[in-house]
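In my numbering, the protein residues as written are 53 to 214. All C-beta atoms in this analysis are idealised placements derived from N, C-alpha and C, irrespective of residue type, glycine included. Computed from a predicted model, the values in this text were never measured in an experiment. Everything below concerns the one structure shown next.
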Amino acid sequence: MVSTKWNGDFHRRTPSLELGSDATGTWLWIPQGTVAETPSGPYNALPGLRLIPVGQMWSAYFVPSSPVGRRPASVYVDISTPIRRNGELFEFVDLDLDLEQVETGPVKVLDREEFLERSQAWSYPTKLVTAAEETCASVEAALSDGSSPFDGTYVSWWLLVS
């Protein structure tokens, strides 16, 4: 997966393994030891499952709990342009607006100020801003009430990698 920012700057490259697809989208696995690249340098990505839903303006990253690192399970959602597939490469523009839920706790919308600042500074089209905000609200509702694909759908994909 490769993401850029709206101004064209490189944002992140994360090697991943395609597991397959189902009605919710394409599932990727980021195994332990995966090194992701960012402008500030490489880092060890948390192992997890990435869901790329077809034609949507978001992708979700399901991270399992880790008793060793005392890390709780979480889901992190990036609001973006629809993800394009180019051969084995998945590409999108990260719009800075994110959501996170740890365990079954409250859903947090992250980086809203950054999204608003950059939407003005980088002249996001009005339709894009509206679509990103609507997508964020819709994903927040789905996470909060456990609607698909946040209803445990990912569990069957864990079985392939555990």
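Measure the C-alpha to C-alpha separation of residue i and residue j and round it to an integer number of angstroms.
i, j, result
"D130", "D148", "7 Å"
"F215", "S132", "Residue 215 lies beyond the residue range present for the chain, which begins at 53 and ends at 214; the question has no answer from this structure."
"L211", "A173", "44 Å"
"L69", "I135", "16 Å"
"S118", "E155", "12 Å"
"W81", "S190", "25 Å"
"D61", "D146", "10 Å"
"M53", "P67", "6 Å"
"A112", "S55", "14 Å"
"G107", "E185", "16 Å"
"T187", "W110", "8 Å"
Would you kindly report the start and end of the unbroken beta strand (DSSP E) that includes residue i?
i, result
"I114", "The question names Ile, but residue 114 in the sequence shown is Phe. Here the beta strand (DSSP E) through F114 covers 110-115."
"V161", "159-162"
"V129", "126-132"
"W79", "77-82"
"I285", "Residue 285 cannot be examined here, being either before or after the span of the chain that is shown, 53 to 214."
"F144", "141-154"
"S55", "54-56"
"D74", "69-74"
Taking the continuous alpha helix (DSSP H) assigned at residue i, which residues delimit it?
i, result
"K179", "178-197"
"L211", "207-213"
Measuring alpha carbon to alpha carbon, tell me which of the options ends up nearest residue i.
i, options, result
"R65", "E89, A97, V159", "E89"
"P83", "G93, L101, Y128, G204", "L101"
"Y128", "F114, R164, T178, G139", "F114"
"D197", "S73, G157, D146", "G157"
"P177", "S111, L98, N59, S55", "N59"
"F202", "K57, G77, V54, P67", "G77"
"S200", "V87, G139, P105, E140", "P105"
"W209", "M53, P67, S73, T56", "S73"
"L71", "E140, E192, L195, T187", "E140"
"R137", "A193, W79, K160", "W79"
When you compare the CB of residue i with every CB in chain C, is at least one pair closer than 8 Å?
i, result
"S175", "Among the chains of the structure shown, chain C does not appear; only one protein chain is present."
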